[in-house]
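This report concerns only the one structure given below.
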Amino acid sequence: MNFSLTEQQEMFQKEVRKFAEAELTPLVDIMDKQNDFPHEIRPKLATMNLYGIPFDPEYGGAGSDYVSLVLAMEEVAKVLAPLAIHMQLGNVTCDRFNKLGTEEQKKEYMIPICEGKKVVCFCFTEPDTGSNPKMIKTTARLDGDGYVLNGTKRFITNAPFANAALIFAKDDEGDISLFLVEADRKGFSTDKKMDKLGLRGTELSDVILDDVRIPKENLLGGKGGKFDALKDAMTIGKMCLSAQCVGLMQASLDEAIRYSMHRMHFDEPIFNLQAIHWLLAEMASRLEAARWLTYRAAFLKDQGMDTIKDMAITKLFVTQTAVDVCRWGMQVHGAYGISKEYKIERLYRDAKMYELLEGTSEIQRELIVKRLPR
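This is the structure in structure tokens:
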């Protein structure tokens with residue numbers, strides 16, 4: 106059992122770390138305080154191949170692996186987590202085209218996504234469901250040489266500026282299918298941008314489909330049975346979110362150490378206090394466990410294994426641990442921890458968001474128990 110990263114993975118990790126520290130740090134206020142997405146960063150993300158890390162260079166990808174994707178997510182989130190969410194969606198939507206799209210669709214969408222020229226949002230969640238596909242109300246009715254879609258999708262990342270959307274909808278027979286809907290089609294619209302607790306600057310809104318007509322070829326991967334496509338996409342999403350939480354935890358530990366080294370108490374830094382030692386030790390221990398659980402999940406994905414249970418375990422443990430670690434980091438800061446002048450306040454708000462994304466902690470527990478050996 107080899108726990109070492111390859112030389113190529115280590116080099117890529119260092120490059121992304123250097124890029125994130127130099128290019129993303131100035132964007133923190135734009136995203137967190139203004140709740141706006143800085144579109145000027147998209148070409149720079151593309152230059153680093155961060156929109157299509159595990160995909161074939163023929164379609165604009167970096168030709169790397171899922172472990173490298175996780176490493177990139179960790180490094181970006183350590184500096185600016187909401188930007189990692191945006192980057193994640195590029196990789197997830199590329200993955201859908203890569204596995205379900207025609208050759209023409211791959212070239213039409215994967216290449217410009219990887220180049221930062223197109224954005225495609227991923228639409229499953231609805232006002233009445235976020236995890237159970239049987240409760241989907243969005244419909245796709247076959248009509249002549251195309252489909253007519255109706256419904257509302259909720260909490261859709263990148264929707265306000267997306268060029269197209271991947272829509273999960275029920276067909277005439279009640280089967281779930283995946284449809285490509287261009288944003289300029291009549292009847293396609295988005296609602297106001299959501300103002301939220303954390304991960305600010307990742308622009309979320311409803312996607313509204315009002316008699317949107319699309320051609321038959323916009324059905325991705327054939328008719329029905331696309332719950333598997335959803336499960337596969339969500340395993341990648343959970344893996345990416347977990348890696349981002351690892352980045353948040355590392356940032357929180359770094360901030361706690363830095364603060365405790367400079368905060369004086371009776372002429373010595375509070376870093377010397379046993380109470381602070383215990384908090385920092387807990388933070389470091391949980392971070393290390395979360396990091397290797399996440400790396401293992403990515404390794405299993407690279408081996409082509411069924412990772413539904415493993416990703417649920419990873420997402421459950423890592424996201425909950427991130428909240429704990431960031432809370433302990435805030436505790437080290439004392440009352441200053443709740444001040445927006447300190448980075449730990451933002452890290453804590455961001456961490457809480459991850460418990461709710463790609464299925465809540467309660468949903469992950471259900472997925473795990475269903476797959477336990479009996």
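To convert, take the position in the sequence shown, counting from 1, and add 105; that gives our numbering. No residue lacks a Cβ here, since even glycine has one placed at the ideal position from N, Cα and C.
- When rounded, the separation of the alpha-carbon atoms in K275 and W383 is 52 Å.
- Comparing alpha-carbon positions, the option among L452, L324, D296 and M410 lying closest to T424 turns out to be L452.
- Looking at the backbone, the Cα of A182 and that of E387 are separated by about 21 Å.
- 9 Å or more divides the Cβ of E308 from the Cβ of T257.
- Rounded to the nearest angstrom, the Cβ distance from Q469 to A417 is 4 Å, consistent with a contact under 8 Å.
- Taking a contact to require three or more Cβ pairs closer than 8 Å, the region 428-442 and the region 193-202 do not qualify as touching.
- In terms of CA proximity to G439, R368 leads the group R368, A288 and R476.
- In the structure shown, K457 adopts helical secondary structure according to DSSP, grouped into three states.
- For D407, the secondary structure class from DSSP, reduced to helix, strand or coil, is helix.
- Between the region 295-309 and the region 185-199, the count of C-beta pairs closer than 8 Å reaches three or more; the two stretches touch.
- Assigned with DSSP and collapsed to three states, T412 falls in coil, not helix or strand.
- Between Y156 and G221, the beta carbon gap of about 6 Å places them in contact (Cβ cut-off 8 Å).
- Within the model, the alpha-carbon separation for P143 versus F422 is close to 31 Å.
- Following the DSSP letters along the chain, one finds Y171 inside the alpha helix (DSSP H) bounded by residues Y171 to L205.
- In this structure I319 touches R290 by the C-beta definition: roughly 7 Å separates them, less than 8 Å.
- By the criterion of a C-beta distance shorter than 6 Å, C350 is surrounded in its chain by V423, T424, A427 and Y459, once the five residues flanking it on both sides are discounted.
- CA-to-CA, the gap between V224 and F293 works out to about 15 Å.
- Taking C-beta separations shorter than 7 Å and ignoring five residues to either side along the sequence, the partners of D277 in its chain run R246 and L247, following chain order.
- A straight line joining the alpha-carbon of L385 with that of S357 spans about 10 Å.
- Residue environment analysis places R259 among the buried positions, since at least 16 neighbouring C-beta atoms fall within 10 angstroms of its C-beta.
- In this structure, the beta-carbon distance from L254 to F284 falls below 9 Å.
- Under the three-state reduction of DSSP, A270 is assigned to strand.
- Between the alpha carbons of N140 and K343 lies a distance of about 24 Å.
- Proximity to A127 across K149, Q114 and A361 peaks at K149, based on C-alpha coordinates.
- If you look at P320, you'll find it in the beta strand (DSSP E) that goes L309 to P320.
- Minimum Cα-Cα distance from E180 among the listed residues N237, M116 and P162 corresponds to M116.
- The Cβ atoms of I281 and I241 sit closer than 9 Å to each other.
- It is roughly 10 Å from the alpha-carbon of Q408 to the alpha-carbon of Y171.
- A456 places its beta carbon 9 Å or farther from that of V474.
- Under the three-state reduction of DSSP, T244 is assigned to strand.
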